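Protein chains: 4
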Amino acid sequence: MCGIAAYYSRNEENAAASVVTELYAQQHRGQESGGIAASNGREITVRKAMGYIKEGISGEDLKRLSGRLAIGHVRYPTRGTSDLAMTQPYVIETLSGPIYAIASNGDIVNYEEVAGELRVKGVHFSSKNDGELLGRFIVYYHEREGMEIADAIRLLMRRIKGAYSAVFIARDHLYIFRDGWGFRPLTIGQTADGDVAAASESCAMDLMRCENMREVEPGEVVVVTPSKTYFLSAEDGLIKPVFPIRRHCVFELIYFARPDSSQFGEYVYDVRHKIGARLAAYDEFDADVVVPVPDSANFIAMGYASAKGIPFNMGLIRNHYVGRTFIRPDQNSRDEGVRQKFNPLKDFFNNKRVVLVDDSIVRGTTIRKLVRMVKAVGAREVYLRIGSPPVTHSCYYGIDTPDKETLIANLMNVDEICAYIGADSLKYLTIDDLAKCVKQSDRFCYACFNGNYPLPRTAEQRGSAC
Amino acid sequence: MCGIAAYYSRNEENAAASVVTELYAQQHRGQESGGIAASNGREITVRKAMGYIKEGISGEDLKRLSGRLAIGHVRYPTRGTSDLAMTQPYVIETLSGPIYAIASNGDIVNYEEVAGELRVKGVHFSSKNDGELLGRFIVYYHEREGMEIADAIRLLMRRIKGAYSAVFIARDHLYIFRDGWGFRPLTIGQTADGDVAAASESCAMDLMRCENMREVEPGEVVVVTPSKTYFLSAEDGLIKPVFPIRRHCVFELIYFARPDSSQFGEYVYDVRHKIGARLAAYDEFDADVVVPVPDSANFIAMGYASAKGIPFNMGLIRNHYVGRTFIRPDQNSRDEGVRQKFNPLKDFFNNKRVVLVDDSIVRGTTIRKLVRMVKAVGAREVYLRIGSPPVTHSCYYGIDTPDKETLIANLMNVDEICAYIGADSLKYLTIDDLAKCVKQSDRFCYACFNGNYPLPRTAEQRGSAC
Amino acid sequence: MCGIAAYYSRNEENAAASVVTELYAQQHRGQESGGIAASNGREITVRKAMGYIKEGISGEDLKRLSGRLAIGHVRYPTRGTSDLAMTQPYVIETLSGPIYAIASNGDIVNYEEVAGELRVKGVHFSSKNDGELLGRFIVYYHEREGMEIADAIRLLMRRIKGAYSAVFIARDHLYIFRDGWGFRPLTIGQTADGDVAAASESCAMDLMRCENMREVEPGEVVVVTPSKTYFLSAEDGLIKPVFPIRRHCVFELIYFARPDSSQFGEYVYDVRHKIGARLAAYDEFDADVVVPVPDSANFIAMGYASAKGIPFNMGLIRNHYVGRTFIRPDQNSRDEGVRQKFNPLKDFFNNKRVVLVDDSIVRGTTIRKLVRMVKAVGAREVYLRIGSPPVTHSCYYGIDTPDKETLIANLMNVDEICAYIGADSLKYLTIDDLAKCVKQSDRFCYACFNGNYPLPRTAEQRGSAC
Amino acid sequence: MCGIAAYYSRNEENAAASVVTELYAQQHRGQESGGIAASNGREITVRKAMGYIKEGISGEDLKRLSGRLAIGHVRYPTRGTSDLAMTQPYVIETLSGPIYAIASNGDIVNYEEVAGELRVKGVHFSSKNDGELLGRFIVYYHEREGMEIADAIRLLMRRIKGAYSAVFIARDHLYIFRDGWGFRPLTIGQTADGDVAAASESCAMDLMRCENMREVEPGEVVVVTPSKTYFLSAEDGLIKPVFPIRRHCVFELIYFARPDSSQFGEYVYDVRHKIGARLAAYDEFDADVVVPVPDSANFIAMGYASAKGIPFNMGLIRNHYVGRTFIRPDQNSRDEGVRQKFNPLKDFFNNKRVVLVDDSIVRGTTIRKLVRMVKAVGAREVYLRIGSPPVTHSCYYGIDTPDKETLIANLMNVDEICAYIGADSLKYLTIDDLAKCVKQSDRFCYACFNGNYPLPRTAEQRGSAC
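Here the protein sequences come in this chain order: X, W, P and B. If you're matching positions, the first sequence starts at 150 in our numbering and goes up one per residue. If you're matching positions, the second sequence starts at 150 in our numbering and goes up one per residue. If you're matching positions, the third sequence starts at 150 in our numbering and goes up one per residue. If you're matching positions, the fourth sequence starts at 150 in our numbering and goes up one per residue.
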């Protein structure tokens, strides 16, 4: 999943501090590690650290990360090992020095094909990370084939298939671009001082006090130079990207994005409210309370409760201090992880009929434990409502879903899932109703629900997603 | 504020793992640093680290922290420097080796008096931390005056005034005790296997699957030996503690404890619901939405909304990834910290009449920014409701309140505060109504609201609270 | 082997800096690790580090090691693991705080007996290190039995058998003492400013510009207080140490001490010169050159060459940068270590008759390689001369000799050793002639040559030598 | 000064272990820091560390430094800051990856000129280190101008003026080359297995068991490929280096090299013996003892003693454990450093007439203290003899001599120096006699003695020597 950020300051040499702030607002997109690369126009300085960005980047680091341009990245551990070598941004060094750096978010489906071609041309890769591929592609065509950088990015868009939202520094130029399908979000904005910011989520732009915020268009390249900012649309230029159709990730709206972000032209919280209302329309029963699995299902549950007129209440308390889970060997270790994250209120559920709302079901193991937990503290009935359709297919465009074989919706039908989970009833949102919760429903990717992949599925062709 | 934990395993040498789990559940009581001390009956091993307990204590550490008894502490930076030297547990070493360790929570008001007496007797202090005073007091009277440890603790209760909930290890014995006023919470429980656990908050005991949970009584000493557990009440023994009256901290219920904890015989969430309902009774107006300042005011706001029939909604999004705040020098630095923590939903507040609910007002700076923020995104009116009476006095028993001079309720009346904050109306809960939200209202301390201190105020006599 | 140092400054709070200098001069006695403990009169600060003392103790450390008294230690890895837990000085902490510290050099033969008695009395040991035993013995009898510290040291001398030269801090008092046999060296001196220094070797005192240097007498206790220095001889006081007879380690003079040190009333270089001259008297042949195995045999070889009138020359070059030996797997790994340490001059040995001089033979493996090496580069004949008698017995008093079974002089007679080593002739110094090289020959221990142990051999009773 | 090493193994992937051994043998050429770069033919791994090479490079490091080719460097802190950024080898990374690395020894006099030209062509330098200049020069002409690497090195020899002995890796090729003047030494050799080694000093080759050892010729390029080794002489190829004349550094023989090395066709120890004998011929007096300033003057003193028939003896003991010097503020700090390094034997110098031998005098401060020290311990007369002519000029080719203004031989005549130092007589070797100690005296540089610089003096044009 991961998140990216960029900042181009017009007057100050401390763009890195702004990027830290942007990444902090996007920490939910990746807590494993993070990094910043800053350019003073002549040379790039980089700093990466495991863990949270504010813990990893010190005031001393910020002083060293001097310069008007900076980019950054927070990483979520999907494929690839958990170490700094897999952490972006990547600096690409040539005889001209450390003048190029890239950070990206997504998942490339023809990694091996493109990397193989570049290897034949003498390009070396220090990792199998998607970000490094994007960066070396651009630098190769710029330095060795003499192409303008913006053209090299356009060529990249023709050649590299998959999801990628990216920010790229070359000396004192910042390039912001996004694949032609628009899988992952990417927002740009401008401050009153003329500074330019970009981030995966708009909530990061709020912290920068940006005005004129908008999404980077799929296939668009935004170029920020020391004197100006210009926009190359997918239609501009000689090398035109070829784009089948827009395919935004609907899961960003359901689960991944922060509720205060806007993505793909939608307010995230508002989509979730609508999902809740749609779900409420499925039910005619009476219940005592609507309880969300916090925090991702909060707005769906509030939407449900408000549509239905049943009281909303937070009967499950979430411990926000994430971290490694130590298992005490003398107990049922399977339940420990869930217990450490969620705890039910005492005497709250007693004899109540509870509408329990979650955003989605993947393997079903967590929600099963939660339903049991709620029943164990006295709930009379648990009606489970899910704010998305059954997840039946893996994602190849940047969401960390497991192999198809372990998706519970592939192994059982809804009744069986309900029985397995131990709920008294279970309802999912339909794809049609999900589509009705967004404005331009034909611009979204629903592949994880219906298998209609916008691009061929080539798991074995992929590198390490970012 | 801080939190403590203890565990005595009957069959396993890994009590430290359980203490980590208990501390993790209480991480909200202190994120600055934490530590664990484990005893194998002959020798105590200790490990302290800055930051979150799960990050600081590794699997390797846990292997070294072997033994059936362990105690732990999470620290909140109140007085004293932010370093490991101030982090508990304290191991007190004598010629008999590292066999004593202590962790405590509270604030001692006659620190200098007692420490001075011990210094005269040749006792050395490596810090001015309350926990070290408690520990060295016990060890002095045990080792040098030949007193039984339980008696030394009883003597401590006569001599040391203030708030302290503490856990103490001596070789293979665990002692759990609490000051006679019962200022700070302390819960004990037993597992099905006969293991004994103690923690500041009951939510930690849930993770341990404890049964028979109850509060340690004020003035009580619980002694856990390798073969049994026994309880010395305040009335037992020759050296009787002298206790004026019980004085539980009502602020634990309003703000500090986790909603899923029970304290002083109350469900925390339930007290907050009742507070919300009491507040609701003050108002007769119509409003569009009830919005809490998350997370501490969530249940108060839900209680208000439910009593009033106005929809509850989470219009302010909180970033849970705490950490150092970097200030970008080119912006209004005063607002940055609040902005980084809270962000309002867009188009949510448009033209709405908002009941904004918070748990308390101390200096007023944060709520002022939040009210402005909510108005800046379109709220028509903001009615601010506070789940506690005006805070007019500093706490000397373990809550980190600032000097009286900076408490806004000492500087202005309610109308002036309302104007300063920029709300359209402001109402506080009265002390009388607060008292009605708990069962035994005469057992609580309300000193921060009315200045009726159960013990003399002696700021200059205090050490470093824990 | 190891080395110790102490310093009591009359006017400055930086005794630790002087101790670093003293230890640096004694680095040859131990390179594995080192440490310093400094007392400001109220509290002791300690710092230990692996490797060389000047690398391990930084300027920052020295600032923290403030105070007028300091002691230090450099460690040679004999028995016991190679880590900081085995590194002295040991601080012994009691309720009175960290006010005691000790550093010692030697080997105690009844460790288990004495430690066992103290354990029964409730004393805890964190290691099996001799130094800790000495320290806890003193503190136990002082704190728990009410004995004056000097008396406790006198009792120690009656009870603890073996080799120990030691320096002990108690608050603002420094105690310097040595076992009654005088196995290991210990020198004290005074500067023009009245500062008092002590060290294993007198070369360290030269750096301190000490005057009035002399050995601490066996059984003597030197007490340095803030106002004066006084000397308790073995005959003073109520508790008189019982001393069989003086037994200085003759090996210190042959091999271990620096040539510029004085020990046991002898100039080390001078004893070695005499040894060389004695050896020369054994031979009547003509040879071309006298070559030492550097650096320990340099002065023996110079003594030989000068007595014989044969030119002295340094045909073997020693690499002084010690460190771990990496073995290249494609070569004869056995020879690598010796090769990395010694290299012969080219064309130097061609057709020459060489008197090769070494200080001693233990296992015989190194000298065998050196003889081969010298022959391989052209030496016609190699006459090996050894500045000590055959080593036939293990040392139990502080020299790291291997088990008796691996001492080559126990496995072969001199002719066989000569053949094994590949020399053309081999002569050892006789014990009688060795005795003639020192002034008071009956005050020395020759146990490693003749098995006449001054104390019973009790390998299994020993702790970890220091 | 510094030292370099290279190894190409024909059968094993552990060339780095051999380079560590070679560097260890050359540790006297630089103790500040060191590094190793190893190539597996596709990618270069690098590891640098402060301090001794054996301490800095662990067994774990060696595993990572896998590959058949490796180069290394030990650094002496001349110009430039003391940190790892100045430590070689330098890896030069391009889009082809980390496939180039270089280590060099010497001092380039037209650094700014050449670096400036490359900067204009877009080449970036991360340091002002000579080694980086050499490396980027080669890579630039190879990658951007399409030149063969050997040709790029030949071009380098035409363009870059000064002293440089260098080893360069490009993927699986090793290049070994040396400037046309032959200022600094560089030896190559081959093992019985066909492995190729190179090092600054031949003593390192002894450890590798090399046969067929010879110096790399000035202007020669040795190329080692996976299948063969070939030699490009200064006369080969299209791009011919232009060489004025050979100018070996005579100071390497006098002082810097290890006595067991061969350099410039001379045995180092033998040249020093001859120098001693030449000096002896100047004197007709009788003296009691010849004492060297150890270790650099040992062989000069032995040469003198043997020629003169006066006993040689090591009256000054040197502490080989170098390291930072802590100054005790209460003493004459100027003398501390010398005292910590050298200590005189007691009662050795009493009333003796001493010939004190040193290799050279630069500032005169150390020898002055040593003469005083020797007199203070009783020497009747001190005749100081110096194994080189007066040093009157700075070196620009790799020896760390100070500014001309601080060279004592520029400030005083010999009588004045003698008086300043406090010796009873002082004699220097003449340049003519020095020339007679080597075979091909016209091939040496004597600039530091006579100012005849083989290349223009351009201090301000230099980078940071290596």
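Note that beta-carbon positions come from the ideal geometry of N, C-alpha and C, so glycine has one too. Fair warning: this is a prediction, and the values are worked out from it, not measured in the lab.
Legend entry - Range covered by the beta strand (DSSP E) that runs through W/T243: Y239 to T243 is the span of the beta strand (DSSP E), which, as asked, contains W/T243.
Legend entry - Chain-ordered neighbours of B/A424 on chain P, where CB pairs are closer than 7 Å: It should be noted that the sequence gives Ile, not Ala, for residue 424 of chain B. Near B/I424 there are no residues of chain P at all, since even the closest Cβ is about 15 Å away, more than 7 Å.
Inset, instruction - With a threshold of 16 other CB atoms inside 10 Å of the CB of P/G208, please say whether the residue is buried or exposed. - result: So P/G208 ends up on the exposed side.
Inset, instruction - State the beta-bridge partners of P/H222 as determined by DSSP. - result: Beta-bridge pairing links P/H222 to P/I153 and P/G184.
Inset, instruction - Could you name the residues of the same chain whose beta carbon sits closer than 8 Å to that of X/N361, not counting the 5 residues immediately before and after it, in chain order? - result: Sequence-distant Cβ neighbours of X/N361 in its own chain, meaning closer than 8 Å and more than five residues away, are G338 and Q339.
Legend entry - Pick from W/S509, W/A568, W/Y532 and W/D564 that is closest to W/C597, judged by C-alpha positions: Nearest option by C-alpha distance: W/S509.
Inset, instruction - Could you please tell me which residues of the segment 566-582 of chain P, in chain order, have their CB closer than 8 Å to any CB of chain B? - result: Hits within the stretch: zero.
Legend entry - Contiguous beta strand (DSSP E) assignments of at least 3 residues, all confined to the segment 405-490 of chain P: Entirely contained in the segment 405-490 of chain P, the beta strand (DSSP E) runs reaching 3 residues are, in chain order, 438-441 and 465-467.
Legend entry - Separation of X/M199 from X/E181, as counted between CA atoms: If you take the alpha carbons of X/E181 and X/M199, they lie about 6 Å apart.
Inset, instruction - Note down the Cα distance separating P/T514 from P/A558, rounded to an integer number of angstroms. - result: P/T514 and P/A558: Cα-Cα distance of roughly 12 Å.
Inset, instruction - Check the Cβ of X/R363 against every Cβ in chain W and list those closer than 9 Å, keeping chain order. - result: Residues of chain W passing the Cβ test: none, with the nearest at roughly 14 Å.
Inset, instruction - Give the single residue among B/C567, B/E565, B/E281 and B/C544 whose Cα lies nearest to the Cα of B/N599. - result: If you compare the alpha carbons of B/C567, B/E565, B/E281 and B/C544 with that of B/N599, the shortest gap goes to B/C544.
Inset, instruction - Note down, in chain order, each residue of its chain lying with its Cβ closer than 6 Å to the Cβ of B/T194, except the 5 sequence neighbours on either side. - result: Only A187, R213 and L214 meet the Cβ criterion.
Inset, instruction - Determine the contact status of W/A450 and W/F461, defining contact as a CB-CB distance below 8 Å. - result: In this structure, W/F461 lies closer than 8 Å to W/A450 by Cβ.
Legend entry - Status (buried if at least 16 other CB within 10 Å, exposed otherwise) for P/R473: Since pLDDT at P/R473 reaches only 46, below the 50 mark, its modelled position is unreliable, and the value read off the structure follows with that caveat. Exposed.
Inset, instruction - Put B/H291 into one of helix, strand or coil per three-state DSSP. - result: Helix.
Legend entry - Contacts that W/I488 makes with chain X (C-beta to C-beta distance below 7 Å): Looking at the sequence provided, one finds Arg at residue 488 of chain W rather than Ile. L356, listed in chain order.
Legend entry - Limits of the alpha helix (DSSP H) - the one that B/S314 falls within: Per DSSP, B/S314 belongs to no alpha helix (DSSP H); it is in the beta strand (DSSP E), G311 to A319.
Legend entry - Against chain X: residues of the segment 272-285 of chain B by CB proximity under 8 Å: Correct list: V272, H273, F274, S275 and R285.
Legend entry - Presumed contact (8 Å Cβ cut-off) between B/C398 and B/C594, rounded CB distance: Yes, they are in contact, since the Cβ atoms of B/C398 and B/C594 sit about 6 Å apart, within 8 Å.
Inset, instruction - Using the DSSP secondary-structure output, state which residues sit across from B/P493 in a beta bridge. - result: According to DSSP, which records beta bridges pairwise, B/P493 is partnered with B/L465.
Legend entry - Residues of the segment 201-218 of chain P with Cβ closer than 9 Å to any Cβ of chain B, in chain order: Residues Y201, I202, K203, E204, I206, S207, G208 and L211.
Inset, instruction - Could you tell me the distance, in whole angstroms, from the CA atom of W/T555 to the CA atom of W/N160? - result: CA-CA distance, W/T555 to W/N160, rounds to 52 Å.
Legend entry - Nearest-angstrom Cβ-Cβ length linking B/I318 and B/G221, presumed shorter than 8 Å: Contact flag wrong, Cβ pair sits at about 11 Å.
Inset, instruction - Taking P/G311 as the reference, give the member of P/I257, P/A429 and P/R427 with the closest Cα. - result: Closest option to P/G311, Cα to Cα, is P/I257.
Inset, instruction - Would you be able to state if there are at least three C-beta pairs under 8 Å between the segment 296-315 of chain X and the segment 160-174 of chain W? - result: Output reads no: the segment 296-315 of chain X does not touch the segment 160-174 of chain W.
Legend entry - N- and C-terminal bounds of the alpha helix (DSSP H) containing X/E171: Counting along the chain, X/E171 sits inside the alpha helix (DSSP H) bounded by residues A164 to A174.
Inset, instruction - Assign X/E415 to buried or exposed, taking buried as 16 or more other Cβ atoms, counted over all protein chains shown, within 10 Å of its Cβ. - result: It is buried - the Cβ of X/E415 has at least 16 other Cβ atoms within 10 Å.
Inset, instruction - Compute the distance between the beta-carbons of W/Y439 and W/V506, then report whether it is under 8 Å. - result: The displayed chain sequence assigns Val, not Tyr, to residue 439 of chain W. Yes, the pair counts as a contact, with Cβ atoms nearer than the cut-off.
Inset, instruction - Could you confirm whether any beta carbon from chain X is found closer than 8 Å to the beta carbon of W/T170? - result: For W/T170, the nearest CB of chain X lies under 8 Å from its own CB, placing it at the interface with that chain.
Inset, instruction - Using a Cβ cut-off of 8 Å (strictly closer), state whether X/V120 contacts chain B. - result: The question about residue 120 of chain X has no answer here: the residues shown for chain X are numbered 150 through 615.
Inset, instruction - Check the Cβ-Cβ distances between B/L402 and every residue of chain X, and say whether any is below 8 Å. - result: For B/L402, the answer is no, since every Cβ of chain X falls outside 8 Å of its Cβ.
Legend entry - Neighbour list for P/I466 in chain B, Cβ cutoff strictly below 7 Å: Within chain B, the residues placing a beta-carbon under 7 Å from that of P/I466 are R407, P408 and D409, ordered along the chain.
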